[in-house]
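Chemist: Attaching a single structure in structure tokens format; questions to follow.
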Amino acid sequence: MSIEIENVNKRFGDFVAVDNVKLSLPNGELTALLGPSGSGKTTLLRIIAGLEQPDSGRIRFHGEDTTDVHVSHRGVGFVFQHYALFKHMSVFDNVAYGLTVKPRRFRPDKAEIKRRVMRLLELVQLDWTAHRLPSQLSGGQRQRIALARALAVEPRVLLLDEPFGALDAKVRTELRRWLRRLHDEIHVTSVFVTHDQEEALEVSDRVVVMNHGNVEQEGSPEDVYDHPANPFVYKFLGNVNLFRARVRDGQARIGDIALPVAEHHPQDGEGYAYVRPHEIEIVTDPSEAGLSATVELVSIVGPTVRLELRVENGEDLVHAEVPKGRWRELGLAQGAPLRVRPLASRVFLHGETLPSAGA
Amino acid sequence: MAIALRQPSVIPGFGITLGFTIFYLGLLIVIPIAGLLLYTLQMSWDDFWRAVSDRQVVASYKLSFGASLIAALINLVFGAIVAWVLVRYRFTGKRIVDALVDLPFAMPTAVAGIALVTLYASTGWVGQYLNVYGIRIAYTQIGVIVALTYIGLPFVVRTVQPVLEDLDKEAEEASAIMGANRFTTIRRVILPALLPALLTGFALAFARALGEYGSVIFISGNLPFRTEITPLLIVAKAEQFDYAGAAAIAAFLLLLLINGLQWWASRRYR
Chain A
1 MSIEIENVNK RFGDFVAVDN VKLSLPNGEL TALLGPSGSG KTTLLRIIAG LEQPDSGRIR
61 FHGEDTTDVH VSHRGVGFVF QHYALFKHMS VFDNVAYGLT VKPRRFRPDK AEIKRRVMRL
121 LELVQLDWTA HRLPSQLSGG QRQRIALARA LAVEPRVLLL DEPFGALDAK VRTELRRWLR
181 RLHDEIHVTS VFVTHDQEEA LEVSDRVVVM NHGNVEQEGS PEDVYDHPAN PFVYKFLGNV
241 NLFRARVRDG QARIGDIALP VAEHHPQDGE GYAYVRPHEI EIVTDPSEAG LSATVELVSI
301 VGPTVRLELR VENGEDLVHA EVPKGRWREL GLAQGAPLRV RPLASRVFLH GETLPSAGA
Chain B
1 MAIALRQPSV IPGFGITLGF TIFYLGLLIV IPIAGLLLYT LQMSWDDFWR AVSDRQVVAS
61 YKLSFGASLI AALINLVFGA IVAWVLVRYR FTGKRIVDAL VDLPFAMPTA VAGIALVTLY
121 ASTGWVGQYL NVYGIRIAYT QIGVIVALTY IGLPFVVRTV QPVLEDLDKE AEEASAIMGA
181 NRFTTIRRVI LPALLPALLT GFALAFARAL GEYGSVIFIS GNLPFRTEIT PLLIVAKAEQ
241 FDYAGAAAIA AFLLLLLING LQWWASRRYR
């Protein structure tokens, strides 16, 4: 079941939550709506679900216009950030709820409900909790029950609003891998909202980056990460360093270093080069090309070493990441002089797209 | 208990506060009730039975329990609606409406009683229109119910309101998404969550109505066998210096109330 979003607008008073969004989410894929808080991603999800009405625009499921279809008839499954389980019902009754509220004509009989609920509980690997209350489960378990409950009505599309947001880091990582595997099994068209770029890149088939109610970029996770369309996406998808750069004849000059930029820049001019921390090379030989800098702060995080470097005449600190082995080879200490060299970059000229607020 | 007393805690003073609590409750509640029971012990069993089973007194029990029950049930329904409106909607004057709910708490009950009788008497602002249809409220059992409903409303509203505020709105949305209509959502998601608060509010309103005196005596007219409530009989006996008789009726009322509450609680927590 594909989802088409056609020119959807939504305002809350003066605040524009969703600004003329056009999107087409293909059948059977898991799409991530990624953006900072206030970017309109949750509102868009709730509009798809029917929990909010758009001010204008249409929502179609596989061509069928569902904009005016009431939420209870839209056939969506929805997973809330804070689970929204019915506290007074057992896990079994929670999952069975969607089946038991069907009009009598369509309601499966008791044995059939039991069979389907137990199958779903097995799917989320929690069949042994059927007679417990939600309050007796951990956060990760509750969210899996919420997912089973959403799937019980055999939804046409599955929508998840920050499904891992309330969980701690370890459970979150486990659960998102589990969601990925589950999706590979059941292949229901799914959309999930997140502000965590790592989560979006890891779990989804497709990422939609949103900001200020607009879609900044959409594409495969790899595509979006490797080829950010604008400075906002670049900043939002990970840490990034900005260097002043001048582009001429297909080359960007940062200090005395030249990098090829031909692939994306026909124009000459001045701007900023965006460089990821792991794309910065550190050398100790002062005769090599590069910007001279000193080490301000070293933090060793497992296998990688994160550095904060003070570049001569630079405005901001430069963040760099090197593998621990390389760091040992360099044999540098805090305060030591060195040279930094961007290995790759993406240059955005001044006035091309304003670097907007973000990470 | 000894172990509990010795347990270290972030907030010290368990021993002192527990001791104070027992002393305080003893002073305020246990001693007066013990006094009441002691008074009745001065009577012989026959005297006691005569005092509490007098036909006029029995009629008052029926009225007091019946009217209190009806009033509490009315408050259960409409108090829940008032709480719902105050929690779920935003409208101008909401704070004023919210404050109005407390008025039956704050106003002297005698003032309320006089106001009610002025309104509902057959010549009063409201009563004159009802009189056209032959409905009389003042000096009837309906008047008693009106007064008891008036004083009981805040109990239901104020116990349901905070629970409703904490109610997970997303649970209702989840219910709707899964295909439930509004009625089903209310019946299966909202009401079960509110039930403990509704029952508590109902019990409080009922207990308060049973003991209410000031607001009822003006509107009821106090006709023996018809509109005489039990608290009025107790006061009447006390005014005739029949303290033992007054105490006997009060003790019997208390006994019935405690029994009723226990029956209710045992059903609830079975």
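Those protein sequence lines, which keep their order, are chains A and B. With full-length UniProt numbering applied, the first sequence covers 1 to 359. With full-length UniProt numbering applied, the second sequence covers 1 to 270. Note that CB positions come from ideal geometry on N, CA and C, so glycine has one too.
(1) To be precise: take each residue of the region 90 to 116 of chain A, compare its Cβ to all Cβ atoms of chain B, and keep it if any distance is under 7 Å. Which residues remain?
(2) Near LEU349 of chain A, which residues of its chain fall below 6 Å by C-beta distance, leaving aside the five closest residues on each side in sequence?
(3) Counting only beta-carbon separations shorter than 8 Å, does SER72 of chain A have a partner in chain B?
(4) One question on the structure: do VAL156 of chain B and GLY79 of chain B come within less than 8 Å of each other, judged by their Cβ atoms?
(5) Measure how close the beta-carbons of GLU312 of chain A and ALA336 of chain A come, nearest whole angstrom, since I'm counting them as under 8 Å.
(6) Mapping the DSSP letters down to three states, classify ILE280 of chain A as helix, strand or coil.
(7) With three or more C-beta pairs closer than 8 Å as the rule, is the region 184 to 198 of chain B touching the region 206 to 223 of chain B?
(8) Just checking, does the region 319 to 332 of chain A make contact with the region 271 to 284 of chain A on the three C-beta pairs under 8 Å criterion?
(9) Are any of the Cβ atoms in chain B nearer than 8 Å to that of HIS183 of chain A?
(10) When DSSP builds the beta bridges, which residues end up paired with GLU270 of chain A?
(11) For the pair the region 195 to 205 of chain A and the region 15 to 34 of chain A, tell me if three or more CB-CB distances fall below 8 Å.
(12) Taking all protein chains shown into account, decide if VAL58 of chain B is buried (16 or more other Cβ within 10 angstroms of its Cβ) or exposed.
(13) Got a sec: is the Cβ-Cβ distance from PRO162 of chain B to anything in chain A below 8 Å?
(14) Counting only beta-carbon separations shorter than 8 Å, does MET178 of chain B have a partner in chain A?
(15) So, helix, strand or coil for LEU85 of chain A, using DSSP?
(16) Using a Cβ cut-off of 7 Å, pull out every chain A residue sitting near ASN181 of chain B, in sequence order please.
(17) State yes or no: is the beta carbon of ARG270 of chain B nearer than 8 Å to at least one beta carbon in chain A?
(18) How far does the alpha helix (DSSP H) with VAL320 of chain A in it extend, from its first residue to its last?
(19) Secondary structure at GLY211 of chain B, three-state DSSP: helix, strand or coil?
(20) Given a threshold of 16 other Cβ atoms within 10 Å of its Cβ, counted over all protein chains shown, does ALA359 of chain A qualify as buried or as exposed?
(21) I'd like the list of long-range same chain contacts for ALA252 of chain A, defined as Cβ closer than 6 Å, with 5 residues on each side in sequence excluded.
(22) For the alpha helix (DSSP H) that GLY57 of chain A lies in, which residues bound it at each end?
(23) May I have the straight-line CA-CA distance separating LEU232 of chain B from LEU256 of chain B, to the nearest angstrom?
(24) How long is the line joining the alpha carbons of ASN7 of chain A and GLY57 of chain A, rounded to whole angstroms?
(25) Please confirm if GLU239 of chain B has its CB atom under 8 Å from at least one CB of chain E.
(26) For THR184 of chain B, would you say it is in contact with chain A, using Cβ-to-Cβ distances shorter than 8 Å as the test?
(27) Which class does ALA17 of chain A belong to by DSSP, given the choice of helix, strand or coil?
(28) How about GLU173 of chain B: is its C-beta nearer than 8 Å to some C-beta of chain A?
(29) With DSSP collapsed to three states, give me the class of LEU119 of chain B.
(30) Would DSSP call LYS10 of chain A helix, strand or coil?
(31) Indicate whether the contact test is met: 3 or more Cβ pairs, each with one atom in the region 93 to 108 of chain B and one in the region 138 to 156 of chain B, closer than 8 Å.
(32) Our contact map puts ALA32 of chain A next to THR173 of chain A with C-beta atoms below 8 Å; I'd like the distance itself, whole angstroms only.
(33) Under 8 Å, do LYS10 of chain A and THR42 of chain A count as touching if we go by C-beta distance?
(34) Residues of chain A with CB under 7 Å from ALA197 of chain B, in chain order?
(35) According to the neighbour-count rule (16 or more other Cβ atoms, all chains shown, within 10 Å of its Cβ), is LYS110 of chain A buried or exposed?
(36) Report yes or no: is there a C-beta of chain B within less than 8 Å of the C-beta of ALA245 of chain A?
Modeler: According to the structure shown:
(1) Cβ contacts with chain B: TYR97, GLY98, VAL101, LYS102.
(2) Closer than 6 Å at Cβ, skipping near neighbours: GLY269, GLY271.
(3) SER72 of chain A has a beta carbon lying within less than 8 Å of a beta carbon in chain B.
(4) Between VAL156 of chain B and GLY79 of chain B, the gap from beta carbon to beta carbon is short of 8 Å.
(5) 14 Å between Cβ atoms; not a contact.
(6) Strand, per DSSP.
(7) With fewer than three CB-CB distances shorter than 8 Å, the region 206 to 223 of chain B does not count as touching the region 184 to 198 of chain B.
(8) Yes, the region 319 to 332 of chain A touches the region 271 to 284 of chain A.
(9) Output row for HIS183 of chain A: interface = no.
(10) Within the DSSP secondary-structure output, GLU270 of chain A pairs in a beta bridge with A:ARG246.
(11) Short answer: they touch.
(12) That one is exposed.
(13) So, not an interface residue.
(14) Chain A, which has a Cβ nearer than 8 Å to the Cβ of MET178 of chain B, makes this yes.
(15) Looking at LEU85 of chain A - three-state DSSP - the assignment turns out to be coil, as it is neither helix nor strand.
(16) Within chain A, the residues whose beta carbon sits less than 7 Å from that of ASN181 of chain B are SER72, listed in sequence order.
(17) Since pLDDT at ARG270 of chain B reaches only 48, below the 50 mark, its modelled position is unreliable, and the value read off the structure follows with that caveat. Chain A places no beta carbon closer than 8 Å to that of ARG270 of chain B, leaving this residue out of the contacts.
(18) It is worth fixing the name first, because residue 320 of chain A is Ala in this sequence and not Val. Here ALA320 of chain A belongs to no alpha helix (DSSP H); instead the beta strand (DSSP E) covers 317 to 323.
(19) Of the three classes helix, strand and coil, the one that applies to GLY211 of chain B here is helix, per DSSP.
(20) Low confidence applies here, because ALA359 of chain A scores a pLDDT of 33, under 50, leaving its location unreliable; read the following figure in that light. Burial call: exposed.
(21) Hits under 6 Å: ALA245, LEU259, VAL261, ALA273, VAL347.
(22) For GLY57 of chain A, no alpha helix (DSSP H) run applies; the uninterrupted beta strand (DSSP E) run containing it begins and ends at 56 to 61, by DSSP.
(23) Rounded to the nearest angstrom, the two C-alpha atoms are 17 Å apart.
(24) It is roughly 5 Å from the alpha-carbon of ASN7 of chain A to the alpha-carbon of GLY57 of chain A.
(25) Given the protein chain composition of this structure (A and B), no chain E is represented.
(26) It does: the Cβ of THR184 of chain B has a partner Cβ on chain A nearer than 8 Å.
(27) ALA17 of chain A falls in the strand class under three-state DSSP.
(28) By this cut-off, GLU173 of chain B is an interface position.
(29) Under the three-state reduction of DSSP output, LEU119 of chain B falls in the helix class.
(30) In the structure shown, LYS10 of chain A falls within a strand segment according to DSSP collapsed to helix, strand and coil.
(31) The region 93 to 108 of chain B vs the region 138 to 156 of chain B: in contact.
(32) Rounded, the Cβ-Cβ distance is 15 Å, inconsistent with contact.
(33) Result no, Cβ atoms of LYS10 of chain A and THR42 of chain A do not sit closer than 8 Å.
(34) Under the 7 Å cutoff, chain A gives no residues; its nearest Cβ is about 13 Å from ALA197 of chain B.
(35) Under a 10 Å Cβ-count criterion, LYS110 of chain A is classified as exposed, with fewer than 16 other Cβ atoms of the shown protein chains found around its own Cβ.
(36) No, no contact with chain B.
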